[in-house]
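Residue 139 in this note's numbering is what sits at position 21 of the sequence shown, and the numbering runs on without skipping anything. Every residue, glycine too, gets a C-beta built ideally from N, C-alpha and C. Have a look at the structure below, then the notes.
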Amino acid sequence: MKHKGRFGSFGGFYVPEVLIPALEEIEAAFDTYVADPQFLADLNDLYSNYAGRPTPLYFARRFSAQVGFKVYVKREDLLHGGAHKVNNTLGQGLLAKYMGKTKLIAETGAGQHGLATAMIGALFGMETKIFMGATDVARQNVNVHKMKLCGAEVVPVSGGTGTLKDAINDALRYWISHVQDTFYLFGTAGGPHPYPSIVRHFQTPIGREARRQCLDALGRLPDLVCACVGGGSNAIGIFSGFIDDRDVRLVGVEGAGRGLDTHEHCATLAKGSVGVLHGAQTYVLQDENGQIHETECISAGLDYPGVGPEHAWLKDSGRAQYVTADDESVLDVFHLFTRTEGIIPALESSHALAWLASQKGKLPPETIAVVNLSGRGDKDVSIVEDRMQARRGAND
Ligand SMILES: Cc1ncc(COP(=O)(O)O)c(C=O)c1O
Numbered sequence: 119m120k121h122k123g124r125f126g127s128f129g130g131f132y133v134p135e136v137l138i139p140a141l142e143e144i145e146a147a148f149d150t151y152v153a154d155p156q157f158l159a160d161l162n163d164l165y166s167n168y169a170g171r172p173t174p175l176y177f178a179r180r181f182s183a184q185v186g187f188k189v190y191v192k193r194e195d196l197l198h199g200g201a202h203k204v205n206n207t208l209g210q211g212l213l214a215k216y217m218g219k220t221k222l223i224a225e226t227g228a229g230q231h232g233l234a235t236a237m238i239g240a241l242f243g244m245e246t247k248i249f250m251g252a253t254d255v256a257r258q259n260v261n262v263h264k265m266k267l268c269g270a271e272v273v274p275v276s277g278g279t280g281t282l283k284d285a286i287n288d289a290l291r292y293w294i295s296h297v298q299d300t301f302y303l304f305g306t307a308g309g310p311h312p313y314p315s316i317v318r319h320f321q322t323p324i325g326r327e328a329r330r331q332c333l334d335a336l337g338r339l340p341d342l343v344c345a346c347v348g349g350g351s352n353a354i355g356i357f358s359g360f361i362d363d364r365d366v367r368l369v370g371v372e373g374a375g376r377g378l379d380t381h382e383h384c385a386t387l388a389k390g391s392v393g394v395l396h397g398a399q400t401y402v403l404q405d406e407n408g409q410i411h412e413t414e415c416i417s418a419g420l421d422y423p424g425v426g427p428e429h430a431w432l433k434d435s436g437r438a439q440y441v442t443a444d445d446e447s448v449l450d451v452f453h454l455f456t457r458t459e460g461i462i463p464a465l466e467s468s469h470a471l472a473w474l475a476s477q478k479g480k481l482p483p484e485t486i487a488v489v490n491l492s493g494r495g496d497k498d499v500s501i502v503e504d505r506m507q508a509r510r511g512a513n514d
């Protein structure tokens, strides 16, 4: 695996020796099954009949009128489980099954990847353990209940800030002593090789469908494609359909939290520097000694001080542009989008909508923007309510 898994100078697999055989085994299985007709038939059947693919591309007419240009929404929120995460868990879960593994582990932030893994554990009858930061267990507890209902064990992680980074640390630590029968089902397009490539692959239906849907419905490609970026899986999924179309602008939106001039944000590409986190060389939020900064932002799924290595490369090569949206603008657009479209967006996806809303008056009215609505916001309703109460309190 010496030169594989590199995106420019980013990527690689900086992991303890003991994990190398496990990663090589996953890479070999992926290379074998990715072109296997039976595997593909099984996966496509699950994508259609279990997850609900293809998802619609919907013209958000009233939201478009508010922002002053045309916004089309790729409805990944309509997938089973409520987010794009199931695309990846079906792919990796099926891979684990074909490899003869009997146990799954995963990390989760917002709980969407944990839930999508728990669903697949139930579907394939595999013992499933989900590592989740204690802060996230508290703020995304609806998903914790759902994971348990699917039969998964949820392991709260209290180290660090009790968020995604800490959950990944503990999942990797656990995997080291259970590599024989356990498949680590990684949730985003980050981590050590081969995960960034595998996760990207299983998320490519988003971009492939969106491109075809644009051509069918509009007779042309969009001017820009926009998605939120945590580790980067939904963004790379939709970007992948348009990367070779040089005229389509690609915009990834990170969480600016309470502001980029504080440390309370998760804008890794905007404010980070090159380092190594969770087995990959990438942009990282760190101090001058390489100590990882604690992050904070309104959405658990973006609360991560690293980012997938392909995004680091897309940033440096200039092919994609990375911007930020802060908590307050996310709250505003969460309400605006819900009231204009009757669709409650996940707080993660609301970052992409918030950046689009910030472009009002800056983009010409004929602009066609496609936004990836990575998930639905049911899990976020009480967070939004608490934050709105705090806002009202501050204004009193
Ligand atoms: C709905 C939703 N969107 C986006 C993300 C961010 O992850 P990624 O950047 O891998 O798409 C998450 C993570 O939990 C999520 O739940």
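Spatial neighbours of M217 within its chain, please: C-beta separation below 8 Å, excluding the five flanking residues on both sides. Stepping through the sequence shown from its first residue, residue 217 is reached at position 99. Cβ neighbours of M217 beyond the five flanking positions: E143, I144, A147 and F301.
Could you work out which residue in T226, F125 and V369 is closest to L290 when comparing CA atoms only? The residue you call residue 290 lines up with position 172 of the sequence shown. Selected option, being the one with the closest Cα: T226.
Taking the Cβ atom as the reference point for each residue, do K247 and I286 lie within a distance shorter than 9 Å? Counted from its first residue, the sequence shown places residue 247 at position 129. Counted from its first residue, the sequence shown places residue 286 at position 168. Cβ distance not < 9 Å, so K247 and I286 don't count as in contact.
So, for Q331: in the same chain, excluding its five sequence neighbours on each side, which residues have a beta-carbon less than 6 Å away from its beta-carbon? By one-based count along the sequence shown, residue 331 stands at place 213. Closer than 6 Å at the Cβ level, and outside the excluded window around Q331, lie L175.
Extent of the continuous beta strand (DSSP E) run through P274: The sequence position of residue 274 within the sequence shown is 156, counting from 1. Looking at the DSSP string, the run of the beta strand (DSSP E) that includes P274 is E271 to V275.
Those runs of the beta strand (DSSP E) which lie wholly inside the segment 348-409 and span at least 3 residues: 367-375, 391-395 and 398-402
For Q86, which residues of its own chain have a beta-carbon under 6 Å away from its beta-carbon, when the five flanking residues on both sides are left out? The structure shown does not extend to residue 86, since the chain is modelled only from 119 to 514, so the question has no answer here.
Can you name the residues that DSSP bridges to T246? By one-based count along the sequence shown, residue 246 stands at place 128. Answer is L222.
Residue nearest to R124 in terms of C-alpha spacing, selected from L233, P310 and T173: Residue numbering aside, residue 124 sits at position 6 when the sequence shown is read from its first letter. Considering only alpha carbons, the answer is P310.
Report the three-state DSSP secondary structure of C344 (helix, strand or coil). Position 226 of the sequence shown, counting from 1, holds the residue named residue 344. Strand, per DSSP.
For A201, the residue or residues it bridges with in DSSP: Position 83 of the sequence shown holds residue 201. G493, per the DSSP bridge assignment.
By DSSP, does K480 sit in helix, in strand, or in coil? Here residue 480 refers to the residue found at position 362 when the sequence shown is read from its first residue. Coil, per DSSP.
Taking the continuous beta strand (DSSP E) assigned at V441, which residues delimit it? By 1-based counting over the sequence shown, the position of residue 441 is 323. First-last of the beta strand (DSSP E) with V441: A438 to D444.
Can you tell me where the beta strand (DSSP E) with T300 in it begins and where it stops? Along the sequence shown, one-based indexing puts residue 300 at 182. Unbroken beta strand (DSSP E) run through T300: T300 to Y302.
heavy atom of ligand 1 below 8 Å from Q210 C-beta: Locating residue 210 in the sequence shown gives position 92, where the first residue counts as 1. No, ligand 1 has no heavy atom inside 8 Å of this Cβ.
Does DSSP put Y132 in a helix, a strand or coil? For this step, residue 132 is matched to residue 14 along the sequence shown. Here Y132 sits in coil by DSSP.
Comparing the CB of Q409 with every heavy atom of ligand 1, is any distance shorter than 8 Å? Counted from its first residue, the sequence shown places residue 409 at position 291. No.
L481 to V189, Cα distance in whole Å? Along the sequence shown, read from residue 1 onward, the residue named residue 481 stands at position 363. Along the sequence shown, read from residue 1 onward, the residue named residue 189 stands at position 71. Answer to the nearest angstrom: the Cα atoms are 12 Å apart.
Selection from G348, S315, S435 and K215 that minimises the alpha carbon distance to G129: For this step, residue 129 is matched to residue 11 along the sequence shown. Ranking G348, S315, S435 and K215 by Cα distance to G129 puts S315 first.
Quick one: residues in its chain with C-beta nearer than 6 Å to the C-beta of S127, no 5 flanking neighbours on either side, listed in chain order? As a first step, residue 127 is located in the sequence shown; it is residue number 9 there, counting from the start. Excluding sequence neighbours, S127 sits near nothing in its chain.
Helix, strand or coil: which one does DSSP assign to Y422? Reading the sequence shown from its first residue, position 304 is the one you call residue 422. The answer is coil: DSSP assigns Y422 none of H, G, I, E or B.
Candidates Y440, P423 and V499: closest to G308 by CA position: The sequence position of residue 308 within the sequence shown is 190, counting from 1. Answer by Cα proximity: P423.
Is the closest heavy atom of ligand 1 to the C-beta of E503 under 8 Å? Here the question's residue 503 lines up with position 385 in the sequence shown. Checking the Cβ of E503 against ligand 1 gives no.
Endpoints, the beta strand (DSSP E) within which V260 is located: For the purposes of this step, residue 260 is taken as the residue at position 142 of the sequence shown. Note, V260: premise wrong, no beta strand (DSSP E); alpha helix (DSSP H) at N259 to L267.
Measure the Cβ-Cβ separation of R579 and I361 and say whether it is below 9 Å. This structure gives no information on residue 579, because the portion of the chain shown stretches from 119 to 514.
Considering only the beta carbon of each residue, do K266 and A228 sit closer than 9 Å? Here residue 266 corresponds to residue number 148 of the sequence shown, with the count starting at 1. Here residue 228 corresponds to residue number 110 of the sequence shown, with the count starting at 1. Result no, Cβ atoms of K266 and A228 do not sit closer than 9 Å.
Regarding L196 and ligand 1, is the C-beta to nearest heavy atom distance less than 8 Å? In the sequence shown, the residue the question calls residue 196 occupies position 78. No - ligand 1 has no heavy atom lying nearer than 8 Å to the Cβ of L196.
Considering only residues of the same chain and omitting the five flanking positions on each side of L336, which have a CB-CB separation below 7 Å? The sequence position of residue 336 within the sequence shown is 218, counting from 1. Counting only Cβ-Cβ distances below 7 Å, and skipping sequence neighbours, we find I486.
Rounded to a whole number of angstroms, what is the C-alpha to C-alpha distance between D288 and L342? For the purposes of this step, residue 288 is identified with residue 170 of the sequence shown, where counting begins at 1. For the purposes of this step, residue 342 is identified with residue 224 of the sequence shown, where counting begins at 1. D288 and L342: Cα-Cα distance of roughly 38 Å.
Looking only at DSSP bridge pairs, what is V488 linked to? As a position in the sequence shown, residue 488 is number 370, starting the count at 1. Looking at the DSSP assignment, V488 forms a beta bridge with Y190 and V343.
Am I right that L368 and Q321 are in contact with their C-beta atoms under 8 Å? What's the rounded C-beta distance? Sequence index remark: in the sequence shown, residue 368 carries index 250 (1-based). Sequence index remark: in the sequence shown, residue 321 carries index 203 (1-based). Not quite, the Cβ-Cβ distance comes to about 15 Å (not below 8 Å), so this is no contact.
Could you name the residues that DSSP lists as bridge partners for P463? Within the sequence shown, numbered from 1, the residue matching residue 463 stands at position 345. R494.
Report the three-state DSSP secondary structure of R124 (helix, strand or coil). On the sequence shown, position 6 is the one that residue 124 refers to. Of the three classes helix, strand and coil, the one that applies to R124 here is strand, per DSSP.
Classification of H396 by the beta-carbon crowding that lies within 10 angstroms, buried from 16 upward: For the purposes of this step, residue 396 is identified with residue 278 of the sequence shown, where counting begins at 1. Buried, since its Cβ has 16 or more Cβ neighbours within 10 Å.
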